[in-house]
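> Just so you know, we're using our numbering here: the sequence shown kicks off at 125 and counts up by one.
The beta carbon of each residue, even a glycine, is placed where N, CA and C say it ideally should be.
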Amino acid sequence: MSATSPASLTIHELRTRLASRAVSPQEVVDDLLARMERLNPRLNVYAAIDPDRLRQQAKAASPIRGRLAGVPITVKDNICIDGELTTCASKILAGFRAPYDATVIHRLRREGAILIPRANMDEFAFGSSTENSTYGPTRNPWDLDCVPGGSSGGSAAAVAADVAIAALGSDTGGSIRQPAAFCGIVGLKPTYGRVSRYGLVAFASSLDQIGPLTKDVTDCAWLLSVIAGQDPNDSTSAPVDVPDYVAGLQQPVKGIRIGLPELSVEGIDPEVHRAIQDAITVFQRLGCSTVPVTLPNIGSAVATYYIIATAEASSNLARYDGVRYGRRVSGDNGQGTLLDMYERTRDQGFGAEAQRRILLGTYVLSHGYYDAYYLKGMKVRTLIKRDFDDALARCDVVLLPTAPSPAFRLGEKIDDPLQMYLSDVFTISANLAGVPALSVPCGFSSQGRPIGLQLLAAPFREEVLLRVGYAYEQATEWHRQQPE
Ligand code: GLN
């Protein structure tokens, strides 16, 4: 692929070329469609492709009106686009068309973006590999035998493979950052409350956030500036001003204090460990200082998350009953009872992982176990939040690996839920604490699989994350590497 192929450009590069009319929105869409035709059969990043709809949007796009005018952005299959299928990669939502635009979609449209429905994902965002999808697994563009991460694996792989300029995903326990790391791109989970979730299909309402997956940090700042801000339709969105994240990137990082938590090195792949150590040296060279910090309760984060997230998921998924949404399996020529219909619909509509989560979540909320599990989980969550408050009082950002290993092979963990859950060990605490976290490419394994580093900051300090991430990116070349 030539370096000037429009599909390979970042948002900011493309905006410059569209504005000067060096390239037209039609040419961009045609280039993307040609790549999709060639690559989607192998990567399976898109649940569906509608060339006519994309061409119509390109034709209607004005290359100058709006911050994303003429820029094609793909959207995870759990974010509502008016009139489009929105299925969360689940059979139970087969055929469901969203009756309205999510607020983030409204904001993308307002800025002139071209929307590419819809990126593959783990069913209802349950997973870390995009293998739990009714559309089949997505593959990692760097190594087709590997997973792209999950649950926003389609979004991440689409950006890495240049079949989208950027993407939206959702992150409940790492689902933006871990696939970003596995695919060698940038991913941000904003602060809880920074971005409206109106129109995001709920997984765990106290943890879910929508965020950008992009080719570089500038694009991440760009997209966040568009989607962030309070929304009257989401009472959990916060009345906090949205700074100009792009302008903030140029601020100096000299003197920034980077908090380094003590981590037990077992469980971290040695190549990931080395890449993080090298990144620390880069930050020191940039004039940042390092401060040791402790996160004493982070060891309980995975257990706590799988209590709280499954509890909330079981209650959010109660609405899929065959009556109001999507698919209904009546059987018996409609002769069975209402309960039979519920049971058949849910049994056939939900995949194995969704059923596992509903069972776990119902159990931890049940009478007699609520105090022992859910309530205790909430208390440990408070302790984890306090760990971050304390650590971030002593430093500006905390540095962690995004994932304990590079991308694993397809099928490697799918039959071992615990191993799969443990791959979220470094991402989950940001959701429990509600703090923002950014994943940036920081190297490759000897097998050529990308590695990501993660920066976490105090609530609503995304601009610090982006500034530090940008300085690192400018000092390194990782983000310029592309899969063959
Ligand atoms: N991998 C985690 C899970 O399976 C996180 C998913 C997410 O962030 N949506 O729950």
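Out of Thr486, Arg159, Ile334 and Phe250, state which residue places its alpha-carbon closest to the alpha-carbon of Ser214.
The candidate whose alpha carbon is nearest that of Ser214 is Phe250.
> For the structure I just gave you, are there three or more beta carbon pairs, one from the segment 521 to 537 and one from the segment 388 to 400, closer than 8 Å?
With the cut-off at 8 Å, the segment 521 to 537 and the segment 388 to 400 touch.
> For Pro574, I'd like the list of residues in its chain whose CB is within less than 7 Å of its CB, leaving aside the five on either flank, ordered along the chain.
Trp266, Ala305, Phe306, Cys307, Gly308, Pro530, Pro565 and Phe568.
> Please classify Tyr170: is it buried, with 16 or more other beta-carbons within 10 angstroms of its beta-carbon, or exposed?
Buried, by the Cβ-count rule.
> Does Asp365 pass the burial test, meaning 16 or more other C-beta atoms within 10 Å, or should it be called exposed?
Answer is exposed; the Cβ neighbour count stays below 16.
> Would Gln302 and Val319 be called neighbours here (beta carbons separated by less than 8 Å)?
Contact: no.
> At what residue ranges does the segment 229 to 258 contain a whole run of the beta strand (DSSP E), taking only runs of 3 or more?
List check, beta strand (DSSP E) in window: 238 to 243.
> Just to confirm, does Gly335 get its C-beta within under 7 Å of one of the non-hydrogen atoms of the ligand GTP?
The model depicted lacks the ligand GTP and carries the ligand GLN instead.
> Measure from the alpha carbon of Thr469 to the alpha carbon of each residue in Arg443, Arg162, Ile404 and Asn164, then state which is nearest.
Ranking the options by Cα distance to Thr469, first place goes to Arg443.
> Looking at C-beta atoms only, is the number of pairs between the segment 344 to 364 and the segment 238 to 250 that lie closer than 8 Å three or more?
No, the segment 344 to 364 is not in contact with the segment 238 to 250.
> With a threshold of 8 Å between beta carbons, is Tyr429 in contact with chain D?
Looking for chain D here will not work: only one protein chain is present.
> Let me confirm a value: His603 is counted as buried when at least 16 other C-beta atoms fall within 10 Å, else exposed. Which label applies?
Burial call: buried.
> CA-CA distance, Leu579 and Thr506?
Rounded to the nearest angstrom, the two C-alpha atoms are 21 Å apart.
> Quick one: what's Phe568 bridged to in DSSP?
In the DSSP output, where bridge partners are listed per residue, Phe568 has Pro574.
> In this structure, how does DSSP classify Arg533 when only helix, strand and coil are distinguished?
Of the three classes helix, strand and coil, the one that applies to Arg533 here is strand, per DSSP.
> What number of angstroms, rounded off, separates the C-alpha of Ala517 from the C-alpha of Pro420?
Rounded to whole angstroms, Ala517 to Pro420 spans 15 Å at the Cα level.
> If you measure between the beta carbons of Ser252 and Ser547, is that distance less than 8 Å?
Closer than 8 Å, so yes.
> Using 8 Å as the threshold, is the C-beta distance between Ala193 and Cys204 below it?
Against a cut-off of 8 Å, the Cβ pair of Cys204 and Ala193 comes out as no contact.
> Verify the contact flag: Ser553, CB atom, against every heavy atom of the ligand GLN, threshold strictly below 7 Å.
No, Cβ of Ser553 sits at least 7 Å from all heavy atoms of the ligand GLN.
> Does the count of Cβ pairs from the segment 153 to 169 and the segment 252 to 262 closer than 8 Å reach three?
They touch, by the three-pair rule.
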